[in-house]
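Scroll down for the structure; my scribbles are underneath it.
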Amino acid sequence: GMTHDLAGRRVLVTAGPTVEPLDPVRYLTNRSSGKTGYALARAAARRGAEVTLVSGPVALSAPEGVRTVHVESARDMLVAAEAAFATADIAVFSAAVADVRPKEVAAQKLKKGTEGVDLSTIELVENPDILATLAVRKRPEQVVVGFAAETNDVIANAQKKLSTKHADLIVGNEVGEGRAFGTDDNEVWFVSAEETYALPLMSKDRLADEILDKALQFFK
Ligand code: PMT
């Protein structure tokens, strides 16, 4: 609707992929376009919230009236999100954060056939889980929304993530090439401690409003 039902609320949104460098020219990343997170940030701003959008590298322009912080790696995203989380009323973690990163980042381009360089194996280490790290610090009056991107068993995996990541709501979605990642619409499940239900296929703009509507219910 046209209401400013988020006036006076602070909303944090993470969006897009993270990129994890291997050397100055190569990196690990994923297929997230940022469309979901940017739609959330726009919707929250339109509804009167003070919005911080922490975004990985995407091809979208920063939404008007939103404080947008651009980051690259998961560790940078954690630092930026951490600062905004402390004062957020609602935090929505829609970013597709890389679970791992190359253990070492070479200062120069790794060249095949060079002594000591083996391009056939890359040692990886785990990234911090931004949602889980911040949600354990959740104050009672904060609402935390996470996503679950799954290729299979969406509901069971989303229910698991609800508890392991300490979220109030998990938005479960089935992903794959041309599915959820990069598309303009999405078909999701809402999973909370009380209920699990499917939403119909809808635009990411509409989904953003549905998520914010649902988040507001936790304040009541
Ligand atoms: O950007 P789009 O093209 O619009 O695509 C939308 C989307 C597919 C990216 C989105 O709908 C979505 O599913 N986002 C979450 C992607 C993801 O990484 O899901 P996950 O199941 O791996 O992670 C679960 C939750 O933990 C997510 O809220 C994620 O942001 C968070 N997480 C995960 C790993 C990590 N290291 N830190 C995190 O905060």
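Residues in the sequence shown are numbered from 191 upward in steps of one, following UniProt numbering.
Using N, Cα and C, we set each Cβ at its ideal position, and we do this for glycine too.
Here the structure is a predicted model, which is why all the values come from computation and not from measurement.
Could you give the C-beta distance for residue i and residue j, rounded to a whole number, given that I count them as a contact under 8 Å?
{"i": "residue 187", "j": "residue 242", "result": "Because residue 187 is not part of the residues shown, which for the chain are 191 to 410, the question remains open."}
{"i": "residue 202", "j": "residue 288", "result": "Rounded, the Cβ-Cβ distance is 20 Å, inconsistent with contact."}
{"i": "residue 395", "j": "residue 233", "result": "7 Å"}
{"i": "residue 208", "j": "residue 267", "result": "6 Å"}
Determine the DSSP secondary structure at residue i, reduced to helix, strand or coil.
{"i": "residue 204", "result": "strand"}
{"i": "residue 344", "result": "helix"}
{"i": "residue 233", "result": "helix"}
{"i": "residue 285", "result": "coil"}
{"i": "residue 325", "result": "helix"}
Of the choices the options, whose alpha-carbon is the least far from that of residue i?
{"i": "residue 339", "options": "193, 361, 233, 318", "result": "361"}
{"i": "residue 224", "options": "312, 260, 279, 342", "result": "260"}
{"i": "residue 383", "options": "352, 271, 315, 335", "result": "352"}
{"i": "residue 313", "options": "390, 193, 251, 210", "result": "210"}
{"i": "residue 375", "options": "409, 393, 311", "result": "393"}
{"i": "residue 308", "options": "200, 276, 212", "result": "212"}
Measure the alpha-carbon distance for residue i versus residue j and round it to whole angstroms.
{"i": "residue 305", "j": "residue 262", "result": "30 Å"}
{"i": "residue 349", "j": "residue 381", "result": "6 Å"}
{"i": "residue 344", "j": "residue 319", "result": "19 Å"}
{"i": "residue 406", "j": "residue 216", "result": "41 Å"}
{"i": "residue 258", "j": "residue 303", "result": "42 Å"}
{"i": "residue 197", "j": "residue 236", "result": "9 Å"}
Can a CB atom of chain C be found closer than 8 Å to the CB of residue i?
{"i": "residue 356", "result": "Absent here is chain C; the protein component of the structure consists of one chain."}
For this session: Kindly confirm or deny that the stretch 327-336 and the stretch 239-257 touch, where touching means at least three C-beta pairs closer than 8 Å.
Result: As far as the Cβ criterion goes, the stretch 327-336 does not touch the stretch 239-257, which means the pair count is below three.
Exercise. Is the stretch 355-368 in contact with the stretch 295-303, if contact means three or more CB pairs nearer than 8 Å?
Worked result: Not touching, per the Cβ criterion.
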